[in-house]
Each structure stands twice: as C-alpha cells, then as structure tokens.
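**Student:** Take this structure, written in structure tokens, and hold onto it; I'll ask about it next.
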Amino acid sequence: MTPLFVTWNFNPVMVAIGSFEIRWYGLMWALAFGAGLWLFDRFIKREGLSPKLLDSIFWFGALATIIGARLGHCFFYEPKYYLARPWEVFYIRDGGLASHGAAIGLLLGLWLFSRRNKIPYLWSLDRIMVPVTVGGAMVRLGNLFNSEIYGTPTDLPWGFRFVRDRDWSKAV
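Residue numbering for the sequence shown follows our numbering, starting at 1 and increasing by one per position.
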C-alpha cells in the first residue's frame, strides 16, 4: 500500500530581504482583512448604507481583533510572563495570537462600533459572520504554513508529517 501522508516542510517565510521577512501567516491575516473589507463593502452597498460605515466597522473590527488576539495569547497562555514584562505584549513579531482572544476583541469592537454608529448590535453580528468565517479559514491556512496548531502525532497514512516542528519529530 502506498502511504498517503503529506510530508509538510513548508517554509513559513514568503520573502526575506536581509533580516526583514514577510511570512505567509502575515499575508493570510492581511488577506483575511481584505476579504472581510470586500465582503462588508458588498453588504453596505446592497443595503444602501453610507460608505463611511465601511471605514468605521473596518477599523473597529480590525483593531479590536488584533488587540484581542494578542492580549488573548499573552493572558490566556502566559499571564505570569507578560505581567512581569508588560512591555513585551507589544512584541507582536515574536509571535503569539489567540483566536479566542480575537473573538472576544471583535465582539467588544463591534459593540463599540454599533453604539457609536447607532446601529443594532445584532445587525453588526449578523453581517460580520461571513467575513469572520472566510477570515478564520485564511488564518488557519497561515497556521498550517507555520506548521502549528495541529493534533497529536499519527502514523495513519493520511496524516501530515510536520518536518519543521521539533516536538513532532521527537514523537514519531
């Protein structure tokens, strides 16, 4: 029987110029926000609402998502570390974003957006679901490119073999 497993040895760096890097994970986040912006633009136009609403929800949503994702990582996973070194919360290039922190941040950001623009909160939640779903899928692809967030090692023929992860390579 021919094994069907995927040997995953994907370089997470898309472009490197000296010490400057652009990573696939960052590109996927940017694409997620871009897709969300495009989708929400269509919703705004379809409903005949002001284009200013698009800018407002984008900035409330994007900032709240990024801030929530970073704070979620720092305080859900390593609170003692970050409470002892609070300035390192801002070292986002060192890694660490949590999807559940992003969800909490987005919910708060949408609530603030809704209050500021006098729009029902449920309207905002309803309209954001498609962009969040598409964006979440893109960010999860970024996690795959980074060889992170997967289950336990397997020897099943359809599994992934994450070559770049030292913890995985020790387990197999």
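The C-beta atom is built at its ideal place from N, Cα and C for all residues, glycine as well.
Work out the CA separation of Gly36 and Lys185 for me, nearest whole Å.
**Tutor:** There is simply no residue 185 to check, as the chain begins at 1 and stops at 172 in what is shown.
**Student:** Which class does Ala16 belong to by DSSP, given the choice of helix, strand or coil?
**Tutor:** The residue given as residue 16 occupies position 16 in the sequence shown. Strand at Ala16.
**Student:** Do the CB positions of Phe33 and Gly101 come within less than 9 Å of each other?
**Tutor:** As a position in the sequence shown, residue 33 is number 33, starting the count at 1. As a position in the sequence shown, residue 101 is number 101, starting the count at 1. Not a contact, by the Cβ cut-off of 9 Å.
**Student:** By alpha-carbon positions, which one of Glu47, Ala103 and Gly109 ends up nearest to His73?
**Tutor:** Here residue 73 is taken as the residue at index 73 of the sequence shown, counted from 1. For His73, the nearest C-alpha among the options comes from Ala103.
**Student:** Tell me where the alpha helix (DSSP H) around Val163 begins and ends.
**Tutor:** Taking the sequence shown and counting its residues from 1, one reaches residue 163 at position 163. Taken as a continuous stretch (DSSP letters only), Val163 belongs to no alpha helix (DSSP H), as it is neither H nor E.
**Student:** So Val6 is in the beta strand (DSSP E); what residue range does that whole segment cover?
**Tutor:** Walking along the sequence shown from the start, residue 6 turns up at place 6. First-last of the beta strand (DSSP E) with Val6: Val6 to Trp8.
**Student:** Going by DSSP, which residues form a beta bridge with Glu47?
**Tutor:** By 1-based counting over the sequence shown, the position of residue 47 is 47. Note: Glu47 sits in no beta bridge, so no partner.
**Student:** For the alpha helix (DSSP H) that contains Pro79, what are its first and last residues?
**Tutor:** Reading the sequence shown from its first residue, position 79 is the one you call residue 79. From DSSP, the alpha helix (DSSP H) with Pro79 extends over Pro79 to Ala84.
**Student:** Can you tell me which of Gly159, Gly142 and Leu125 puts its alpha carbon nearest to the alpha carbon of Phe43?
**Tutor:** If you number the sequence shown from 1, residue 43 lands on position 43. Checked all of Gly159, Gly142 and Leu125; the closest Cα to Phe43 is Leu125.
**Student:** To which residues of the same chain is Asp55 closer than 8 Å at the C-beta, ignoring the five residues directly before and after it?
**Tutor:** Looking up residue 55 in the sequence shown gives position 55. For Asp55, where only same-chain residues beyond five positions count, there are no Cβ hits under 8 Å.
**Student:** Under 8 Å, with one C-beta from each stretch per pair, do the segment 142-149 and the segment 50-68 reach the 3-pair mark?
**Tutor:** No, they do not touch.
**Student:** Taking only the alpha-carbon atoms, compute the straight-line gap between Arg174 and Phe162 and give it to the nearest angstrom.
**Tutor:** Coverage of the chain is limited to positions 1 through 172, which leaves residue 174 absent and any answer about it impossible.
**Student:** So, is Gly109 buried or exposed, given that buried needs 16 or more other C-beta atoms within 10 angstroms?
**Tutor:** As a first step, residue 109 must be located in the sequence shown, where it is residue number 109. Label assigned to Gly109: buried.
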